[in-house]
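Going by our numbering, the first residue of the first sequence is number 1265, and it counts up by one from there. Notes follow the structure.
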Amino acid sequence: MRIATYNVNGVNGRLPVLLRWLEETKPDVVCLQELKAPQEKFPEQALLDAGYNAIWQGQKSWNGVAILARDMEIKETRRGLPGEEEDEHSRYIEAFINGVVIGCLYLPNGNPAPGPKLEYKLRWLSRLNAHAAELLKFGLPVVLTGDYNVIPTDFDVYKPERWVDDALFRPEVRAAFHEIIAQGWTDAIRKLYPEEKIYTFWDYFRNAYGRDAGLRIDHFLLSPNLVDRLKQAGVDRHVRGWEKSSDHGPVWIELT
DNA sequence: ATGTCCTCTCTTAGAGGA
């Protein structure tokens, strides 16, 4: 089973690129972030025509997450992360598909930092920590994937010294991310490629993609019972070079 | 500060977010 995550940066503006990539790589499950579309403007029919069922949580202008699946039933288990009733951002959707719980998340960016946006990001990480722990208790296979907006280590950014004060790289943000990992989750990309420079995001500014000035911020966290089923993983980085591309590239794993 | 791209609106230019 191939599971992919892709921050599309506007699902309607990105539709030709998204459909081209789906046709090219045919993932079984796809988690999308940054739909930037209200609930009623999600391109459901175009995705059905491409062979994908979908569930989604839209929002006007910002955020928005979706899960797509090809030839498999999507049993939605949750939308929205527990722990803050007044949080109206569409940033989490979860489903049970083919025996695996799949959480699709879009973590807050947190900039400018310090400030209220960073505080919201840290609260969100704390809520994710609590929910991740709950998920592990059930003993089911779980994949938590999406745009974490967290650069885990110095090795995951082209020039760490430039990012020290950024909300994607600040010590308290990384610490919160590593606290979640410490529950027993496995960072799938790093598990298979511990030594390789791997990026998932290249800014639109300053020819970042051309210079390979990237960040690794889109992650797959696997529950312990999935680690032996992890066979392959990668970044479809060529997609970032397409016309009208998102600033993220699609990332994927292959489970037996 | 700037660079770029997306979406929305007091819309075809500017603001906000990333």
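Ideal placement from N, C-alpha and C gives every residue a C-beta, glycine not left out. From a predicted model like this one, the values you see are computed outputs, not experimental measurements.
Going by the CB atoms, is the gap between residue j and residue i shorter than 9 Å?
i, j, result
"Ser1510", "Arg1501", "no"
"Val1421", "Leu1479", "yes"
"Ile1267", "Ile1338", "no"
"Trp1320", "Ala1333", "no"
"Arg1355", "Leu1369", "yes"
"Tyr1463", "Asp1476", "yes"
"Pro1405", "Gly1363", "yes"
"Leu1299", "Gly1315", "no"
"Lys1385", "Pro1376", "no"
"Phe1433", "Asn1271", "no"
"Gly1277", "Gln1303", "no"
"Asp1292", "Asp1351", "no"
Spatial neighbours of residue i within its chain, please: CB distance less than 8 Å, with the 5 preceding and 5 following residues excluded, ordered by chain position.
i, result
"Ala1310", "Leu1279, Leu1283"
"Phe1441", "Leu1389, Tyr1412, Val1414, Pro1416"
"Glu1287", "Ala1314"
"Thr1289", "Arg1266, Ala1268, Asp1500, Pro1514, Trp1516"
"Gly1470", "For clarity, residue 1470 is Arg in the given sequence; the question names Gly instead. Contacts found: Ala1477."
"Lys1508", "Gly1277, Arg1278, Pro1280, Val1281"
Pull the bridge partners of residue i from the DSSP assignment, please.
i, result
"Tyr1270", "Leu1296"
"His1483", "Gly1410"
"Tyr1370", "Asp1411"
"His1512", "Phe1465"
Tell me which residue opens and which closes the alpha helix (DSSP H) that residue i is part of.
i, result
"Ala1314", "That residue, Ala1314, is in no alpha helix (DSSP H); it is neither H nor E in DSSP."
"Lys1381", "1380 to 1402"
"Cys1338", "Correcting the residue identity first, residue 1338 is Ile in this sequence and not Cys. First-last for Ile1338: undefined, no H or E at that position."
"Ile1453", "1452 to 1456"
"Val1281", "1279 to 1289"
"Ile1497", "The sequence given here places Ala at residue 1497; Ile does not occur at that position. It is not in any alpha helix (DSSP H) - Ala1497 instead sits in the beta strand (DSSP E) that spans 1494 to 1499."
"Val1437", "1435 to 1445"
Might you give, ordered along the chain, the residues of its own chain that have their beta carbon closer than 6 Å to the beta carbon of residue i, omitting 5 neighbours on each side?
i, result
"Leu1382", "Gly1374, Ala1431"
"Thr1409", "Thr1269, Cys1295, Phe1484"
"His1353", "Asn1327"
"Arg1391", "Leu1345, Gly1347"
"Thr1520", "Arg1493, Lys1495"
"Glu1518", "Arg1266, Lys1495, Gln1496"
"Ile1444", "Asn1393, Ala1396"
"Leu1399", "Val1406"
"Ala1472", "Trp1466"
"Asn1317", "Ala1333, Ile1338"
Going by beta carbon distance, what residues of the same chain come within less than 7 Å of residue i, once the five residues before and after it are set aside?
i, result
"Ala1394", "Gly1347"
"Asp1418", "Pro1424"
"Gly1498", "Trp1516"
"Trp1285", "Asp1500, Val1503, Pro1514"
"Ser1325", "Lys1300"
"Ile1481", "Asp1411, Tyr1412, Asn1413, Val1414, Ile1415, Leu1432, Thr1464, Phe1465"
Please find out if some non-hydrogen atom of the ligand ZN comes closer than 8 Å to the beta-carbon of residue i.
i, result
"Val1414", "What this structure holds is no ligand at all, so the ligand ZN is not there to describe."
Where do the N-terminal and C-terminal ends of the beta strand (DSSP E) with residue i fall, by residue?
i, result
"Phe1360", "1356 to 1361"
Query raised in the report: Does the segment 1473 to 1492 come close enough to the segment 1455 to 1465 that 3 or more CB-CB pairs lie under 8 Å?
Result: yes
Requested in this report: Kindly confirm or deny that the segment 1339 to 1347 and the segment 1293 to 1313 touch, where touching means at least three C-beta pairs closer than 8 Å.
Outcome: no
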